[in-house]
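There are 4 protein chains.
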Amino acid sequence: MTDLTDAALGVTLVDVAPLAARLEQFAVERDWAQFHSPKNLVMALTGEVGELNEIFQWMPEEASKEAGRDPQTAQAVQEELADVLLYLVRLSSVLGVDLDAAVQQKLKANALRYPADKVRGSSKKHSQPEAGESGKD
Amino acid sequence: MTDLTDAALGVTLVDVAPLAARLEQFAVERDWAQFHSPKNLVMALTGEVGELNEIFQWMPEEASKEAGRDPQTAQAVQEELADVLLYLVRLSSVLGVDLDAAVQQKLKANALRYPADKVRGSSKKHSQPEAGESGKD
Amino acid sequence: MTDLTDAALGVTLVDVAPLAARLEQFAVERDWAQFHSPKNLVMALTGEVGELNEIFQWMPEEASKEAGRDPQTAQAVQEELADVLLYLVRLSSVLGVDLDAAVQQKLKANALRYPADKVRGSSKKHSQPEAGESGKD
Amino acid sequence: MTDLTDAALGVTLVDVAPLAARLEQFAVERDWAQFHSPKNLVMALTGEVGELNEIFQWMPEEASKEAGRDPQTAQAVQEELADVLLYLVRLSSVLGVDLDAAVQQKLKANALRYPADKVRGSSKKHSQPEAGESGKD
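Protein chains in written order, with our numbering: chain A, 1273 to 1409; chain B, 1273 to 1409; chain C, 1273 to 1409; chain D, 1273 to 1409.
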């Protein structure tokens, strides 16, 4: 494995800078920055993720794959995903975290942690993690 | 208010396409796409948000603003933010949701819902919502 | 419908008083009551619920019904359920909420909101709610 | 330390049996038991915890201690705490977990893990855990 990671090569995987600027402006115009501590924003993010759970809680797994087909469900899903992303980007901003760098680091760690030939087809090998997970062990 | 929104003007606020492609490849190489139903991914996302809560649960609000200064806390925060984003992008992919379009729609709705001159400085006016919130009423 | 509810009849549905006393003692002995604000405890509760999600996130719904049969999974589930209950009881204590009264009130509201003959067999009728839910409308 | 734990002595710390029976009856009358898989119930529980977060997200920690004084907030808090408990008890039922036994086991483990004279006054010593936490290390 070489060190030619995306970051080293200057590849960008996620660009949220325009959104972060927009959210900062939105908060400043309303004098809401005072409420946007990381602690508060984590709770706000949690609330939105709770709403996402409410959409899917009684839905069978197979039906969840078609959630985009029913217009009403699709609209609700889209709104909650947007809300989660808005709070996540705002939280990263106030914490000074570069999401692209964070993601690149995590993907590199995941590639080492989950070698394709060892974990193929097994959810046990990634019982908690997935495409990027620090793990607890 | 004109209809010259960012979307109409062709402005992109978030670009997660390269990351989405990377996560798809990561899943395919491991034969993990079979586990990535929206329902499962919502739960995985929730697990990561839970870990974010654990970092901040006993931290006073003021201290949370400085969470990026302690190297150990900063690293933990960065990893959890990355994990949340990875699952959010993967979830949007399997649902076929365009996060940029979703965010643009939500921001437009928020601007109408929270006029700056009416909600300035009040957290009551956005008791649940913030920089993008569909609301429940 | 008469007013002979359980509460009116003096029936107790949940009794958590001995546990609440034990948790208070535990906190006092460690001088931890200072950290147990409602806001902090909500986050701690959320962290535990996140861990519960991690146990079930890749598990098919059918398999989740048998989660108690595998000793390792059963032990993990039992620990997380206990953690959720501990924080919930502690949170109720510091807020001064009587959980039995709260539950009785909620069950009464649910019985009115979900008449058996109207919602039978339909998850749509309780898309968010279930055995006790205030609803958002 | 003797083995004279509460469980050994026959002490009950939590009794949720009457509520569990009531919820079973409620579900059966509506033919809702079919939706109450552990996986679904974990998501429903998460949704309620999300609503609890929404109440406290912009509230300063000090104000959260007085959340019971404002009648409207108190009512909302009481309803969400009830909802969380209802789903938690229902989830434990379908999983066949004895909450009292689970709590007793957890308290015993916590007493060993957090000796009062070693962790007094420090939130660092219980950065994730509290009155009952399995820990990840």
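By construction, the Cβ of each residue, glycine as well, lies at the ideal position given by its N, Cα and C atoms.
Closer than 7 Å at the C-beta level to chain A, one finds these residues of the region 1321-1336 of chain D: Val1321, Gly1322, Glu1323, Asn1325, Glu1326, Phe1328, Gln1329 and Trp1330. When beta bridges are read from the DSSP output, Asp1287 of chain B appears opposite A:Asp1287. Distances from the alpha-carbon of Glu1333 of chain D to those of C:Asp1372, C:Leu1367 and C:Phe1298 put C:Leu1367 closest. Here Leu1371 of chain B is not near Ala1339 of chain A, since their CB atoms are 9 Å or more apart. For the region 1320-1387 of chain D, the full-length alpha helix (DSSP H) segments reaching 4 residues or more read 1333-1336, 1343-1367 and 1371-1385 along the chain. Using beta-carbon distances, Ala1316 of chain B counts as an interface residue toward chain C, with a partner under 9 Å.
For Arg1294 of chain C, the secondary structure class from DSSP, reduced to helix, strand or coil, is helix. Against chain D, the CB of Arg1385 of chain C has no partner CB under 9 Å away; the residue lies outside that interface.
Look at Asp1342 of chain C: its C-beta is not under 9 Å from any C-beta on chain D. Spatial neighbours of Ser1365 of chain D in its own chain (CB-CB distance under 6 Å, excluding positions within 5 residues in sequence) are listed in chain order as Ala1292.
Among the CB atoms of chain D, none fall inside 9 Å of the CB of Phe1298 of chain A. Within chain C, the residues whose beta carbon sits less than 7 Å from that of Ala1339 of chain D are Pro1310 and Leu1367, listed in sequence order. Selection A:Ser1336, A:Ala1348 and A:Trp1330 evaluated against Ser1395 of chain C yields A:Trp1330 as nearest (Cα-Cα). Using a Cβ distance threshold of 9 Å, Asp1389 of chain A and Val1286 of chain B do not count as a contacting pair. Comparing alpha-carbon positions, the option among A:Tyr1359, A:Val1314 and A:Glu1326 lying closest to Lys1378 of chain B turns out to be A:Tyr1359. Sixteen is the threshold: when 16 or more other Cβ atoms of the shown chains lie within 10 Å of the Cβ of Gln1350 of chain A, as they do, the residue is buried. Residue contact check for Gly1319 of chain C against chain B: a CB pair falls below 9 Å. Chain-order list of chain B residues neighbouring Ala1305 of chain A: empty, with the shortest C-beta distance near 10 Å, by a criterion of under 7 Å. In chain order, Leu1295, His1308 and Leu1313 place their CB closer than 7 Å to the CB of Arg1362 of chain B, counting only its own chain and leaving out the 5 sequence neighbours on each side. Setting aside the 5 residues that flank it on each side, Pro1310 of chain D is surrounded in the same chain by Leu1363, Val1366 and Leu1367, each with a C-beta closer than 8 Å to its C-beta; the list follows chain order.
Selection A:Tyr1386, A:Gln1376, A:Pro1387 and A:Gln1297 evaluated against Gly1282 of chain A yields A:Gln1376 as nearest (Cα-Cα). Around the CB of Gly1322 of chain D, 16 or more other CB atoms lie within 10 Å, so the residue is classed as buried.
The beta-carbon distance between Gly1319 of chain C and Glu1326 of chain B, rounded to whole angstroms, is 4 Å. This is short enough to meet the 8 Å contact definition. Around the beta-carbon of Arg1392 of chain A, fewer than 16 other beta-carbon atoms lie within 10 Å, marking it exposed.
The beta carbon of Ser1336 of chain A sits closer than 7 Å to those of Phe1328, all from its chain and outside the five residues before and after it, given in chain order.
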